[in-house]
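Working notes, beginning with the structure itself.
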Amino acid sequence: MIFDRKYTILENRYISGITWLLRVKAPQLKDAPAGSFAMIKSSCDHTYDPMMRRAFAIADVQGDEILLFYDVYGKGTAVLTEKKEGEQINILAPLGKNFFPENYDHYILVGGGIGFAGLSLFMRRLKEKGKSFRAVYGVRRKEQLSMLQWIKENGFEEDVLVYTEDGSYGEKGLVTKDLKGLINENKNTALAVCGPKGMMRAVMEVARQTNTPAYLSLESKMACGFGICIGCVVKDTEKDSYVRVCYEGPVFDGYKIQF
Ligand SMILES: Cc1cc2nc3c(=O)[nH]c(=O)nc-3n(C[C@H](O)[C@H](O)[C@H](O)COP(=O)(O)OP(=O)(O)OC[C@H]3O[C@@H](n4cnc5c(N)ncnc54)[C@H](O)[C@@H]3O)c2cc1C
Ligand code: FES
């Protein structure tokens, strides 16, 4: 069920780099599927600026609270940083219809930058179910590791391999550096991927070389978030037609989609 309602903000604070954390009391969203997202209205009730809601992954569910990590780029996210604890915020969620499949024996989660927020709830659910997985989290510089504290505080430190391009934290290099080796460690492995397009293309190259199933969580520009504006389409190369990231996605088989 999708809820369009106001929730109370419990925390909205700067973390590092350009990333903020928003924690909201939302008992209605406690069963949000891993990989689902929320459309958030950052403008106040009496204004329509910015008019459109903005899309963010539901990064974690803790009891009756949800967590979102957001990078500040433009007006929508800048206005969001002004929200204070105790204020109400309008959220449309949980959105999306297609998520990461759960029928593999082992998963490698590959997250680039804030894209890791699109995988973190899936990682929690895999752990809760006792499924086998490793996660790879890559950024350019240490300051961009905005989910590192969440990883440590939630007991995922042993599960996540961290890569920085400049070597300022963890392993030096790109998220793809050791990917082939990790894939070869286990049978019936699938990749769950979220991050910048360049990173996802590089991951797909490794997936093809190793013949590994790969599922990508896409982040198109979205206006409505629920299938009516047709603003977020990508090409389904198998069907030779277009699909809506918000409605048919946001997760797609990486072999069948042009992104
Ligand atoms: C399904 C989905 C899940 C998402 N999950 C998250 C999430 O968990 N955390 C998060 O931070 N973001 C996430 N995003 C991206 C987020 O929606 C955008 O960053 C946000 O809408 C930007 O709004 P804005 O008003 O700040 O910027 P706009 O005013 O819309 O844009 C300002 C400028 O920044 C550029 N810009 C906007 N967004 C990005 C971007 N993501 N990367 C690079 N340049 C950008 C624009 O091209 C423009 O030049 C997600 C998007 C989708 C579709
Ligand atoms: S955002 Fe409107 S159809 Fe996807």
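Final position of the sequence shown in our numbering is 259; the numbers increase by one with none missing.
The beta-carbon is built from N, C-alpha and C at its ideal position, and this holds for glycine as well.
As the structure is a computational prediction, the values presented were derived from the model and not from experiment.
Own chain, CB closer than 6 Å to residue i, minus 5 neighbours either side, in chain order
{"i": "L216", "result": "V193, M200, F252, G254"}
{"i": "F100", "result": "G35, F122, A192, Y215, V251"}
{"i": "A135", "result": "L109, M123, D159, V160"}
{"i": "L80", "result": "S42"}
Cβ-heavy atom distance, residue i to ligand 1, below 7 Å
{"i": "S16", "result": "no"}
{"i": "I151", "result": "no"}
{"i": "R208", "result": "no"}
{"i": "L68", "result": "yes"}
{"i": "Y73", "result": "yes"}
{"i": "E219", "result": "yes"}
{"i": "I118", "result": "Correcting the residue identity first, residue 118 is Gly in this sequence and not Ile. Yes, since a heavy atom of ligand 1 falls inside the 7 Å radius drawn around the Cβ of G118."}
{"i": "R140", "result": "no"}
{"i": "R54", "result": "yes"}
CB contact flag (residue i, residue j, <8 Å)
{"i": "Y163", "j": "G198", "result": "no"}
{"i": "F122", "j": "A34", "result": "yes"}
{"i": "A32", "j": "I58", "result": "yes"}
{"i": "I114", "j": "D71", "result": "yes"}
{"i": "G231", "j": "L92", "result": "no"}
{"i": "L177", "j": "E171", "result": "A small correction: the amino acid at residue 177 is Lys; Leu does not occupy that position in the sequence shown. Cβ atoms of K177 and E171: closer than 8 Å."}
Any non-hydrogen atom of ligand 2 within 7 Å of residue i CB
{"i": "V245", "result": "yes"}
{"i": "A38", "result": "no"}
{"i": "G35", "result": "no"}
{"i": "G76", "result": "no"}
{"i": "A57", "result": "no"}
{"i": "M222", "result": "yes"}
{"i": "F96", "result": "As written in the sequence, residue 96 is Gly, which differs from the Phe given in the question. No, the Cβ of G96 stays beyond 7 Å of every heavy atom of ligand 2."}
{"i": "I91", "result": "no"}
{"i": "I2", "result": "no"}
{"i": "C232", "result": "yes"}
{"i": "I228", "result": "yes"}
Own chain partners of residue i with C-beta closer than 8 Å, once the 5 adjacent residues on each side are dropped
{"i": "T212", "result": "I183, T189, A190, L191, V206"}
{"i": "T77", "result": "W20, S42, R54, Y70, D71"}
{"i": "K6", "result": "Q88, I89, N90, I91"}
For residue j and residue i, believed in contact at Cβ under 8 Å, the rounded distance
{"i": "G96", "j": "G249", "result": "6 Å"}
{"i": "I9", "j": "I89", "result": "6 Å"}
{"i": "L29", "j": "P94", "result": "6 Å"}
Proximal residues to residue i (C-beta, below 7 Å), its chain only, five neighbours per side dropped
{"i": "P27", "result": "D64"}
Alpha helix (DSSP H) runs wholly inside the stretch 65-151, at least 4 long, in chain order: 75-80, 120-128
Segments assigned alpha helix (DSSP H), at least 4 residues, entirely inside the stretch 175-254: 179-184, 197-210
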